[in-house]
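For the sequence shown, the residue numbers in full-length UniProt numbering are 1 to 325.
Notes for the one structure printed next.
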Amino acid sequence: MDVDTRLLRYFAAVAEEGTLTRAAERLFVSQPALTKQIRQLETQLGVRLFTRARTGMTLTEPGRELAERVPALLAEWDRVLRATKGAAGRAARVLRVGFLASAANEATPHIIEDFTRRRPGWRVDMRQAAWSRPSAGLDNGDVDVALVRLPFPGQDDLHTEVLFTEPRCVALASGHPLATREVIDFRDLWDEPFVAAPSETGAWRDFWLAADLRDGRPVRIGAVTEHPDDWLSAIANGYGLALAPASAARFYARPGITYRPVTGVGPSRVAIAWSRADDANPVVEDFVRSCLDHRAADCLDHRAAEDTHPTPHPRPDPTDPTDTP
1 MDVDTRLLRY FAAVAEEGTL TRAAERLFVS QPALTKQIRQ LETQLGVRLF
51 TRARTGMTLT EPGRELAERV PALLAEWDRV LRATKGAAGR AARVLRVGFL
101 ASAANEATPH IIEDFTRRRP GWRVDMRQAA WSRPSAGLDN GDVDVALVRL
151 PFPGQDDLHT EVLFTEPRCV ALASGHPLAT REVIDFRDLW DEPFVAAPSE
201 TGAWRDFWLA ADLRDGRPVR IGAVTEHPDD WLSAIANGYG LALAPASAAR
251 FYARPGITYR PVTGVGPSRV AIAWSRADDA NPVVEDFVRS CLDHRAADCL
301 DHRAAEDTHP TPHPRPDPTD PTDTP
């Protein structure tokens, strides 16, 4: 019997969340569609996996047995996929590098240039990930290494090395009353609606909402977005404001959006991350070394960390060494 791993992932989400509603939100599917998938899995297996009630979904005995085994099964399948995709990349002499937003800012093209000097004939394939995937593709083996922002779910299962930090600022509609201030205290933002990442991003979402710095006050969510363009539109349209790296003022300048320094929140950390399974991969090791050598030589652009008044600039392409401010 062949069972689609997608059905098993749906089952695992329902088993972990305990309700179809929360599992559907986590999976970005409708509740009726998720119900249909669970029933399809039960039909294929010929067993009932859940007892349904108003309070949620309770695992049956067969369901508990499957729930105990599925995580290891899916983890092994992910390792197989990662190894297979990695082998394809090595055969083509391509290193897949995941990144979020502006990657390592202005340092990105210099890191790539350094890597290609170490590995003549190799090409770097930069793959931008949505904010719903803060590991930038490392979680399922879509990439070999990733330039990420800490913290994010699953980072303890990976190797990470911090490359630099930069202050957080606030992005808000230019017509917002607070946009006239030179510097904004975070306490003055507590009652404002925020544009947030999807809820399943956990620690990543909480960090960019500064959820731990609100003295227990709940966060007002004005919009949820996965991509920079949607994020910018939500802010410009007044659905909410958002914390952002100070470099966003350079990489994501847009009419109608103002970036201001914010006090009372800590900095953002940019890191290079890679799978523990690639500890002995010399190509991954060379890319990591290129990142760390730039860190050690202080070649990273720290204008964001030094600039207490973010100023908009045209948005450069982080992968194009000729396109820097």
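Glycine is no exception: its CB is placed at the ideal position from the N, C-alpha and C atoms.
query: What span of residues does the beta strand (DSSP E) with residue 328 cover, start to end?
result: Any answer about residue 328 is impossible in this case: the structure gives the chain only from 1 up to 325.
Touching by the beta-carbon criterion (3+ pairs, under 8 Å), the segment 201-209 and the segment 121-134: The segment 201-209 vs the segment 121-134: in contact.
message: To the nearest angstrom, how far is the alpha carbon of G56 from that of A33?
response: Cα to Cα, the separation comes out at about 17 Å.
- prompt: With 16 as the cutoff for other CB atoms within 10 Å, does M1 come out buried or exposed?
  reply: exposed
query: Is R127 helix, strand or coil by DSSP?
result: strand
- prompt: What's the C-alpha gap between D229 and A196?
  reply: 13 Å
query: Under 7 Å, do A271 and V148 count as touching if we go by C-beta distance?
result: yes
Opposing strand residues paired with S275 [DSSP bridges]: L158
field: Residue range of the unbroken beta strand (DSSP E) whose run includes T35
entry: Per DSSP, T35 belongs to no beta strand (DSSP E); it is in the alpha helix (DSSP H), 31-45.
task: Would you give the residue range spanned by the beta strand (DSSP E) that Y259 belongs to?
output: 257-263
Option nearest L209 by Cα separation, candidates L49, F194, V143, E200: F194
- prompt: Are A179 and L189 touching if we call contact CB-CB under 7 Å?
  reply: Not closer than 7 Å, so no.
task: Could you name the residues of the same chain whose beta carbon sits closer than 6 Å to that of P314, not counting the 5 residues immediately before and after it, in chain order?
output: Caution is warranted here: a pLDDT of 37 is assigned to P314, below 50, making its placement in the model unreliable, and no coordinate value can be reported.
- prompt: Just the Cα atoms here: how many angstroms apart are R52 and T58?
  reply: Taken atom to atom, the span from the alpha-carbon of R52 to that of T58 is near 7 Å.
message: Can you tell me whether L158 is buried or exposed? The criterion is at least 16 other CB atoms within 10 Å of its CB, across all chains shown.
response: buried
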